[in-house]
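**Student:** With the sequence shown counted from 1, adding 853 to any position gets you this note's numbering.
For each residue, glycine too, the CB sits at the ideal point set by N, CA and C.
Have a look at this one before I ask anything.
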Amino acid sequence: MAATLLAAALLTACSSGADEGLAKARAACVEFGAGKGSMPNTNTDDEAPVDWADVADGLNDIADTAASAASKDPRWNRLADSMNTLQRLMSELASQQATSSGIPALPPEDQRLTDEKLDVVNSECRKARAA
Numbered sequence: 854m855a856a857t858l859l860a861a862a863l864l865t866a867c868s869s870g871a872d873e874g875l876a877k878a879r880a881a882c883v884e885f886g887a888g889k890g891s892m893p894n895t896n897t898d899d900e901a902p903v904d905w906a907d908v909a910d911g912l913n914d915i916a917d918t919a920a921s922a923a924s925k926d927p928r929w930n931r932l933a934d935s936m937n938t939l940q941r942l943m944s945e946l947a948s949q950q951a952t953s954s955g956i957p958a959l960p961p962e963d964q965r966l967t968d969e970k971l972d973v974v975n976s977e978c979r980k981a982r983a984a
């Protein structure tokens, strides 16, 4: 009898953590705007220059939410890691923007990494929305 109650309590605790992790993953995805089958339009040809510090700050909050999701449910580790990497890359652009008058740019390998991480985020967010 005690073993059955213990097993039920553990199952409820695991389910609760998974549910909370899913909710946090969904919240990060909604805030980021990913997982709907398309990524936001990033064409800035006719727009004002991007404030990369503001972008990095926003991504920091989203990365925190994704990390919280991963701490509740390890299914969201890839989402959290990718958000963290994107935040770091945007911080690099913000740093360039603050210290030079030119247009900030990532080196080609970081541009590829950004594309890869955006693909992971979109995929993970699709899973979060579908769950």
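Kindly indicate the opening and closing residues of the alpha helix (DSSP H) around P961.
**Tutor:** Translated into the one-based positions of the sequence shown, residue 961 becomes position 108. Looking at the DSSP string, the run of the alpha helix (DSSP H) that includes P961 is P961 to A983.
**Student:** Just the C-alpha distance for I915 and N975, rounded to the nearest angstrom, thanks.
**Tutor:** Here residue 915 refers to the residue found at position 62 when the sequence shown is read from its first residue. Here residue 975 refers to the residue found at position 122 when the sequence shown is read from its first residue. Annotation: I915 to N975 spans about 14 Å, alpha carbon to alpha carbon.
**Student:** Check this for me: beta carbons of L995 and A881, under 8 Å apart or not?
**Tutor:** Since the displayed the chain opens at 854 and closes at 984, residue 995 lies outside it and no answer follows.
**Student:** Taking W905 and P960 to be in contact with their CB atoms under 8 Å, please state how far apart those CB atoms are, rounded to whole angstroms.
**Tutor:** Counted from its first residue, the sequence shown places residue 905 at position 52. Counted from its first residue, the sequence shown places residue 960 at position 107. Incorrect: roughly 15 Å between the Cβ atoms, too far for contact.
**Student:** Quick one: Cα of E969 to Cα of E977, how far?
**Tutor:** Within the sequence shown, the letter at position 116 stands for residue 969. Within the sequence shown, the letter at position 124 stands for residue 977. For E969 and E977, the distance between alpha carbons rounds to 12 Å.
**Student:** W929 to D910, Cα distance in whole Å?
**Tutor:** Taking the first residue of the sequence shown as 1, we reach residue 929 at position 76. Taking the first residue of the sequence shown as 1, we reach residue 910 at position 57. Whole-angstrom Cα-Cα distance: 21 Å.
**Student:** So, are the CB atoms of K925 and K980 less than 8 Å apart?
**Tutor:** For the purposes of this step, residue 925 is taken as residue 72 along the sequence shown, with counting starting at 1. For the purposes of this step, residue 980 is taken as residue 127 along the sequence shown, with counting starting at 1. Their beta carbons are not under 8 Å apart, which means K925 does not touch K980 by this criterion.
**Student:** Can you check which of these residues, E900, A901 and S921, is closest to G870 by C-alpha distance?
**Tutor:** For the purposes of this step, residue 870 is identified with residue 17 of the sequence shown, where counting begins at 1. Answer by Cα proximity: S921.
**Student:** Are the beta-carbon atoms belonging to V908 and S935 less than 8 Å from one another?
**Tutor:** As a first step, residue 908 is located in the sequence shown; it is residue number 55 there, counting from the start. As a first step, residue 935 is located in the sequence shown; it is residue number 82 there, counting from the start. No, these two residues do not count as a Cβ contact at 8 Å.
**Student:** From D872 to A901, what does the alpha carbon distance come to, in whole angstroms?
**Tutor:** Residue mapping note: residue 872 aligns to position 19 of the sequence shown, counting from 1. Residue mapping note: residue 901 aligns to position 48 of the sequence shown, counting from 1. If I take the Cα positions, the gap works out to 40 Å.
**Student:** Compare the Cα-Cα distances from L971 to each of T918, V903, L942 and P927 and report the closest residue.
**Tutor:** For the purposes of this step, residue 971 is taken as the residue at position 118 of the sequence shown. Of T918, V903, L942 and P927, the residue nearest in Cα terms is L942.
**Student:** Judging by CA-CA distance, which residue of A951, L875 and L946 is the nearest neighbour of D963?
**Tutor:** Looking up residue 963 in the sequence shown gives position 110. That would be L946, whose Cα lies nearest to the Cα of D963.
**Student:** Starting from D914 and walking both ways along the alpha helix (DSSP H), at which residues does that stretch end?
**Tutor:** Counting from one through the sequence shown, the residue named residue 914 turns up at place 61. From DSSP, the alpha helix (DSSP H) with D914 extends over W905 to K925.
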